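Visitor: Quick one: the structure is below, and I'll ask about it shortly.
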Amino acid sequence: EVQISDGCRLERAWAACDQLKPMPAPMQLPSLADGGAIVITGGAGGIGLIVAQHLVSLGRTRLVLIGRTRLPAATGWSGLLSRELAPEIRVKVSAFAEMERAGSEVCYVTADVADESQLASALGIARQRFGSIGGLIHCAGTTSDSNLARKSWDSFRGVLAPKIAGSVLLDRLTRGDPLGFFILFSSV
């Protein structure tokens, strides 16, 4: 990368580091002793589902996964596996069933995180089912693979909406919740 500013040429460069600093210990999520739920937006998508599975591997947890994909209503995810499901839906339902078999509670709510009324409703369902929201992990996003210079304004806005509007709405709509953490994922 090169920048010309006030007649000066500036270049980004890498420099050797004389001293290595130790990495901090892996982050430990706060205990959710009050039984609060962890809400994961984009919870049925690639990153969100991996995060949910990792949290389950750490021990039993209560998960509220929010996503735009419509899934069949379920009181137990394993029961849905005997039904005929589209392959992409079967993958999600199977993952949810596996998390339940590991001892976690999994609630899925269909909502667009960039839509305030849908998100408020989804968070209300989380509070109603589990009493409180103890942690929030924002993984929701959408892709529109193309060069930025060739992207239409509508396409650009559509890609940013879940990340930016979703982050702002999540912050505003959970201000009264006892959050132990609020983690934002970037897809850049």
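Each residue of the sequence shown is one higher than the one before, counting from 1 in this note's numbering.
Quick reminder that beta carbons are idealized off the backbone N, C-alpha and C, glycines included.
Since the model is a prediction, treat every value here as computed from it, not as a measurement.
#1: What is the C-beta distance between Q179 and G134, in whole angstroms, given that I count them as a contact (C-beta under 8 Å)?
#2: Note the first and the last residue of the continuous alpha helix (DSSP H) segment covering R90.
#3: Cβ atoms of R129 and A37: under 9 Å apart, would you say?
#4: Label T41 either buried or exposed according to how many other C-beta atoms from any shown protein chain fall within 10 Å of its C-beta, with 16 as the threshold for buried.
#5: Below 8 Å, can you find three or more Cβ-Cβ pairs linking the stretch 72–88 to the stretch 44–62?
#6: Kindly identify the DSSP beta-bridge partner or partners of S5.
#7: Which residue comes first and which comes last in the alpha helix (DSSP H) that contains V64?
#8: Since E105 is in the beta strand (DSSP E), which residue starts that stretch and which ends it?
#9: Closest by CA to G166, which one among L136, D177, D154?
#10: Buried or exposed: which applies to C8, given that a residue is buried once 16 or more other Cβ atoms fall within 10 Å of its Cβ?
Guide: So, from the data block:
#1: Taking the sequence shown and counting its residues from 1, one reaches residue 179 at position 179. Taking the sequence shown and counting its residues from 1, one reaches residue 134 at position 134. The identity of residue 179 in the sequence shown is Leu, whereas the question assumes Gln. Their Cβ separation, rounded to whole angstroms, is 7 Å, which keeps L179 and G134 in contact under 8 Å.
#2: On the sequence shown, residue 90 is found 90 positions in, with the first residue counted as 1. Where R90 is concerned, the enclosing alpha helix (DSSP H) stretches over 87–101.
#3: Mapped onto the sequence shown, residue 37 falls at position 37. Mapped onto the sequence shown, residue 129 falls at position 129. Taking 9 Å as the Cβ cut-off, A37 and R129 qualify as a contacting pair.
#4: Along the sequence shown, one-based indexing puts residue 41 at 41. Buried, since its Cβ has 16 or more Cβ neighbours within 10 Å.
#5: no
#6: The sequence position of residue 5 within the sequence shown is 5, counting from 1. According to DSSP, S5 bridges with C8.
#7: Indexing the sequence shown from 1 puts residue 64 at position 64. Where V64 is concerned, there is no enclosing alpha helix (DSSP H), although the beta strand (DSSP E) it sits in stretches over 62–67.
#8: Residue numbering aside, residue 105 sits at position 105 when the sequence shown is read from its first letter. Per DSSP, E105 belongs to the beta strand (DSSP E) from 105–110.
#9: Within the sequence shown, numbered from 1, the residue matching residue 166 stands at position 166. Residue L136 is the option with its Cα nearest to G166.
#10: Numbered from its first residue, the sequence shown carries residue 8 at position 8. By the 10 Å Cβ count, C8 comes out exposed.
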